Amino acid sequence: MRVVTWNLNGIRAAHRKGLDDFIERINADIMLFQEVRALPEQMPKEWSEPEGYEVIWHPAQKKGYSGVMSCSRIGMIEMERGIETGLDETRDPEGRVLVTNHGNLSCINMYLPNGSSGPERQQYKDQWLEDMLEWSRKFVESSEPSLLCGDLNIAHTEDDIWDPVGNKRTSGFLEHEREWFDRMLEIGWNDLLRIHVGQVKGPYSWWSNFRRARERDRGWRIDYVLGNHAATPLMRSAEIMREGGLVVSDHAPVIVDLDL
Numbered sequence: 005m006r007v008v009t010w011n012l013n014g015i016r017a018a019h020r021k022g023l024d025d026f027i028e029r030i031n032a033d034i035m036l037f038q039e040v041r042a043l044p045e046q047m048p049k050e051w052s053e054p055e056g057y058e059v060i061w062h063p064a065q066k067k068g069y070s071g072v073m074s075c076s077r078i079g080m081i082e083m084e085r086g087i088e089t090g091l092d093e094t095r096d097p098e099g100r101v102l103v104t105n106h107g108n109l110s111c112i113n114m115y116l117p118n119g120s121s122g123p124e125r126q127q128y129k130d131q132w133l134e135d136m137l138e139w140s141r142k143f144v145e146s147s148e149p150s151l152l153c154g155d156l157n158i159a160h161t162e163d164d165i166w167d168p169v170g171n172k173r174t175s176g177f178l179e180h181e182r183e184w185f186d187r188m189l190e191i192g193w194n195d196l197l198r199i200h201v202g203q204v205k206g207p208y209s210w211w212s213n214f215r216r217a218r219e220r221d222r223g224w225r226i227d228y229v230l231g232n233h234a235a236t237p238l239m240r241s242a243e244i245m246r247e248g249g250l251v252v253s254d255h256a257p258v259i260v261d262l263d264l
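Quick note, the sequence shown lines up with residues 5 to 264 if you use this note's numbering.
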């Protein structure tokens with residue numbers, strides 16, 4: 005079974021840049037997209053419903069912002085939308101969490117808030133992190149395989165960012181954010197790509213559009229597939245597909261193959 009998670013940086017722009025061709029090339033059973041920034045009714049049917057896939061959208065209430073979308077060609081049941089944080093008047097107005105079940109696997113499609121716009125937004129992100137960690141425990145403790153996939157907007161270790169010294173005060177690499185990621189692993193989540201490639205510098209999944217960051221490979225790894233104790237032994241391979249993916253988005257897709 006192949007699972008792909010990918011921040012599209014806008015699904016309409018991604019389609020114009022060749023997303024359909026890339027979907028065919030990846031040949032995934034489950035595709036989890038973040039930052040779709042669209043409503044299904046804003047798009048042609050062939051864009052909102054990839055051929056051969058069931059699709060569940062969870063857009064943000066604000067048009068052109070955030071939102072996630074899950075696609076499956078092996079069957080899919082929606083289990084949950086959003087988490088309770090107390091930060092908003094309604095549950096998950098930014099369309100950040102969608103949980104689906106695929107028979108013998110549960111997938112959490114997640115787009116974690118970014119705190120780079122200022123202190124107030126960083127505070128929002130920090131509270132969201134705490135609430136999400138506690139919410140996620142039920143999947144860690146489950147005997148059934150579960151994956152937590154998506155753009156978590158945090159580079160966990162110095163190996164996950166090209167310039168750790170220069171970014172130590174940057175949202176996404178703050179000490180307390182990295183400590184939160186440590187705690188996620190301590191409660192039982194496993195970073196599947198890091199397990200597969202080992203403790204090496206990179207690979208990265210996101211690059212700035214400035215200062216030739218892509219060309220010079222000055223990136224961050226902020227997109228992950230985390231597995232619970234039941235899913236981790238099923239991993240056969242994990243990779244970040246930079247080639248071709250960066251034509252479509254400023255993020256590269258993360259691909260995990262499972263023995264399922």
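Ideal Cβ placement from N, Cα and C applies to all residues, glycine included. Because the structure is a prediction, the values reported are computed rather than measured.
Buried or exposed for residue i, going by 16 or more other Cβ atoms inside 10 Å?
i	result
VAL101	buried
LEU189	exposed
ASN11	buried
HIS180	exposed
ARG29	exposed
PRO117	buried
ASP195	buried
ASP186	exposed
GLU39	buried
GLY119	buried
ASP227	buried
THR94	exposed
LYS67	exposed
ILE191	exposed
LYS172	exposed
MET83	exposed
GLY176	buried
PRO2	The structure shown has nothing for residue 2, since the chain only spans 5 to 264.
Starting from residue i and walking both ways along the beta strand (DSSP E), at which residues does that stretch end?
i	result
SER74	72-76
MET114	110-115
PHE37	34-38
HIS62	58-62
LEU102	101-105
ARG198	Where ARG198 is concerned, there is no enclosing beta strand (DSSP E), although the alpha helix (DSSP H) it sits in stretches over 196-201.
In whole angstroms, what separates the C-alpha of residue i from that of residue j?
i	j	result
GLN127	ILE199	31 Å
GLU219	ASP155	22 Å
SER146	ARG215	45 Å
SER251	THR174	The displayed chain sequence assigns Val, not Ser, to residue 251. Distance between the alpha carbons of VAL251 and THR174 is about 26 Å.
ALA32	TYR69	26 Å
GLU148	PRO97	29 Å
ASN232	ARG240	15 Å
LEU264	GLY122	43 Å
VAL7	ILE60	16 Å
SER212	LEU91	29 Å
TRP210	ILE81	30 Å
ARG225	GLN46	31 Å
GLU55	LEU109	22 Å
VAL204	PRO48	42 Å
SER76	GLY99	19 Å
VAL258	LEU178	23 Å
ASP24	GLU247	15 Å
ALA42	ASN113	16 Å
MET245	GLN65	31 Å
VAL72	TRP51	14 Å
ASN105	MET35	13 Å
Measure how close the beta-carbons of residue i and residue j come, nearest whole angstrom, since I'm counting them as under 8 Å.
i	j	result
LEU152	PHE143	7 Å
ALA256	GLY249	4 Å
State the start and end residues of the unbroken alpha helix (DSSP H) segment that holds residue i.
i	result
ALA17	15-20
TYR228	Looking at the DSSP string, TYR228 is not in any alpha helix (DSSP H); the run it does join, the beta strand (DSSP E), is 227-231.
ASP135	123-144
ILE191	179-191
GLY249	249-252
Determine contact between the stretch 159-169 and the stretch 128-140, defined as no fewer than three beta-carbon pairs at a distance below 8 Å.
no
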